[in-house]
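Notes follow the structure.
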Amino acid sequence: MKNSIYKRLIKLVFNYWPYLVLSTATAFVYVALNGISVWLTASLINNILSDFDKLILEQSRLSSSSILTLNEKIKYFTNELILRNSAKETLQMLCYSILIIFVLKNVFLYLKNVSLIVVQYRLITELRNKLYIHFHSLSLSFFNKQKSGELTSTIINDVANMRQALTIGFQRMFVEPINIIAFTTLLFIISWQLASIAVIIIPLAGFFIVKMSRSIRRKSRRTAVKIAGITNIITETLASIRIVKAFAMENYEVDRFTKETNNYYNLMFRRSRLRSIAPPITEILGVVIGVALLWIGGSEVLAADGITSEDFIRFILIMFSALQPIRSLSNVFAEVQVGAASAERVFHILDTKPTIIDADNAIKDIVFNEHILFDNVSFQYEDEESEVLKEINFSINKGSVVALVGSSGSGKSTMADLIPRFFEPTKGRIKLDKYDIKDVRIKSLRKLMGIVTQETILFNDTISGNIAYGQKEVKSSKIYAATEAANAKEFIDALPQGFNTVIGEKGVRLSGGQRQRIAIARALLKDPPILILDEATSSLDTESEKHVQEAINNLMKDRTVLVIAHRLSTIVNADRIIVLDNGKIVESGTHTELLDKNGIYKNLYDIQFNN
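Pasting the structure below:
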C-alpha cells in the first residue's frame, strides 16, 4: 500500500512538470549562488582579518604555480574577481559582489517559490474538484454508509495536508539533498580530513528522521480520523440544532465535542512533539561535531600545521550552512508522512467505484409511451441479512395513478427508489416500456421523472433559484405559472423580496407547507412525464395539507404517478392501490375493492378513520 501511495502522489505532482522543472532549475541556481555567497562571505572575513600584502603575495604564488589543488583554483578565481589595487578597493569590490550574489540568490528563491505555489494551488483545486465530481458519480448506497462530516473533512483537511506534502515536501526532498551535497563537496575541497568527520552527522540525522517518520505516519492517520469525527459532530449538530435545543441537550453535545477535541489535541501534541524533536537533535549533533572540528581545525591553524586560517573560516561557515538543509529535510519527512496518511483517505474515496453505472451502449434518447413494469423484482441492502422486497410483480400504465401503502418498513420507499435507479434490484428487472432500465442512460432515465419527498430538499438560494434548480435561462413567466399551480404564489408575493427572497439552508425561513409547495413548483417546472410522490403530505398540519394536496392534484394531471401514501385519504381516487407487507405485495385493487376484501388495507383504513 505504501509504495502505491507514493507512486500515485508522485504521479499527481508530475502532472505539473513544466512548473516543477522551472522550480527545480531555479532551485539549482539558488543552491549554486548560496554556495558562492557563503564562499564570498568567508573571503570577506579573511580580507578584513588578513594583511593585504600577504593576499597579493598569495595570489602571485597561485598564479605562478603550475599545479594547483581544486581548492586553490577556486581561491585563485575568487581573488581574480575581488582583488584590486588597494585593500579598500578590494573590500569595496567584495561587498558589491556579495550584494549582487545575495540579490540574485533571492530572485531565484522567489521564482522557485512562485512556481511551486502554482503547483500547490492548482493541485489542491484539482484534487478537490476530482473528489467533488467523484462524489456525484457514486451511488446513493455510498452516502448511506458515510458520514457527511467525514467526507467534508476529507475534501478540506486531507487535501490541504496533501498540498503541503506533495509540493513543498517532495520538492525539498529533491532540492535539499542537492544543497547538502553541494556544501559537502565544498567541505571536501577545502579539507577532506575535516570533512570526513563532519559528514558523520548525515547518517546519524537520517537514522533519527526515519525512526520518527514511521511514528508520525501512524499518528497522522489517526489524527485525520479524529478531525473527520470533529467535523462530523459539527455538521450533525448544526443540522439538528432545533432538536438539540428542544431536548435541552446543549451540555451533552458540548461534552461530546470537547471529548473529541481533547483526543485530537493529545494526538496532535504527540505528533507535533515528534516533529519538533528532529531539528533540535540534528542541530545538537551538528554543533557537537562542529565544536570537535573547531578544536581540531583551530589547533592546526594555531600550530600553522595543515589547514590555513582562511580555509578554516570558510570550512566552518560552510559546515554550519549545511545544517540548515539537513534540519529542513528532517521536517520534510514528517510533512510527507502527514500527507501520505491523508492521501490514503483521499485515494480510498477516489478508488470507490459507483455500484450503479451506465451500460456500454446505454440508450440516450428515450420517450415514455406505455408502462413501468416490475418483473419478479427482489432487493436486499448490502448490510442487511434479509430481503427488503420479495418477488414484486406489477405495472404502472402511462397516465395512471398507482399508490403504495403499508406499515413502516414494508418496502414502499425502497420500491420507489428502484425506479430512478438509486439502487439496483438484487433479482428481477424493471422495464420502461420494452427497455430494461439498466439499458437506459441514468441521466436520460431520471430526466423523465419528478420526485417530491416528505423531506423537502431546498438550497440556500432565492425562491426563483430553487424552483428553477438545474435549468438555465428559464423565463420568469414559467416560474410564476409553476408557483400558481403549486398554490405557492400567494405566500411568495407576501414576502418582502418576493421571488428574490433567500430562504436559508434547507429552506429554514419557510414553513413546512411552504417548503413543500416550492418543491412541487420545482417539479411542475421540470414537467416530467413520470412522478414519484413519497409521503409528500404526511408531516403537514391540516391547513398546509389542504394547500399542498391541491398543488399535488395539479401536479398529477396528465402524468404517470406512483404515490407512497401515509394518509389514505389522499389516495382514495388512485387507479390502483398496492398493499405491501414485509416486502411482498399482499393486496391490490381500487379503494372500494380493497375495502370489500376486508384485509390489511381495510384494517389500516379503519385505524386512521376510527371505524
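Be aware that the sequence shown starts at 485, since it is given in our numbering, and climbs by one per residue.
All residues carry an ideal CB built from backbone N, CA and C; glycine is no exception.
Since the model is a prediction, treat every value here as computed from it, not as a measurement.
A Cβ-Cβ contact shorter than 8 Å links I987 with I947. Residue ranges of uninterrupted alpha helix (DSSP H) with 4 or more members are absent from the region 1033-1078; none lies entirely inside it. Under the three-state reduction of DSSP, G912 is assigned to strand. Taking C-beta atoms as the reference points, S793 and I711 fail to come closer than 8 Å. Looking at N853, A1003, K614, G893, the one whose alpha-carbon comes closest to that of K918 is N853. Straight across, the Cα-Cα distance linking L678 with K559 is about 19 Å.
The continuous alpha helix (DSSP H) containing L565 extends over residues 554-566.
The beta-carbon distance between S894 and D1018, rounded to whole angstroms, is 14 Å. This is too long to meet the 8 Å contact definition.
Distance from the CA atom of I1062 to the CA atom of E1071, rounded to whole angstroms, is 6 Å. By the CB criterion at 8 Å, R492 and D642 fall outside the cutoff.
In terms of Cα proximity to L778, the closest of R755, P764, I802 is I802. Three or more beta-carbon pairs separated by less than 8 Å link the region 820-837 to the region 488-502, which places the two stretches in contact.
The beta carbons of I665 and F512 sit no closer together than 8 Å. Assigned with DSSP and collapsed to three states, L888 falls in strand. Judged by DSSP in its simplified three-state form, K874 adopts strand. For the 8 Å CB-CB criterion, V861 and T898 do not form a contact. Counting the other CB atoms within 10 Å of its CB gives Y514 a total of 16 or more, which places it among the buried residues.
Per DSSP, the unbroken alpha helix (DSSP H) holding M577 starts and ends at 571-621. About 5 Å separates the CB atoms of S812 and E660; that is less than 8 Å, so the two are in contact. A Cβ-Cβ contact shorter than 8 Å links S527 with L578. Spatial neighbours of N1038 in its own chain (CB-CB distance under 6 Å, excluding positions within 5 residues in sequence) are listed in chain order as A969.
As computed with DSSP, F799 is found in no beta bridge at all. Assigned with DSSP and collapsed to three states, S879 falls in strand.
In the three-state reduction of the DSSP assignment, D920 falls in the strand class. For I584 and S521, the gap between their C-alpha atoms comes out near 9 Å. Considering only L624, F592, I566, K596, the residue with the shortest C-alpha distance to F907 is L624. Taking C-beta atoms under 8 Å as the contact rule, T967 and A1005 qualify, at a distance of about 5 Å. Checking the DSSP bridge columns, you'll see S862 partnered with K911. Of the residues assessed, R1001 falls on the buried side of the cut-off, its CB having 16 or more other CB atoms within 10 angstroms. Taking 8 Å as the cut-off, the beta carbon of I582 is found no closer than this to the beta carbon of T574.
Taking a 10 Å sphere around the C-beta of W523, we find 16 or more other C-beta atoms and assign the residue as buried. V505 counts as exposed, since fewer than 16 other beta carbons sit within 10 angstroms of its beta carbon.
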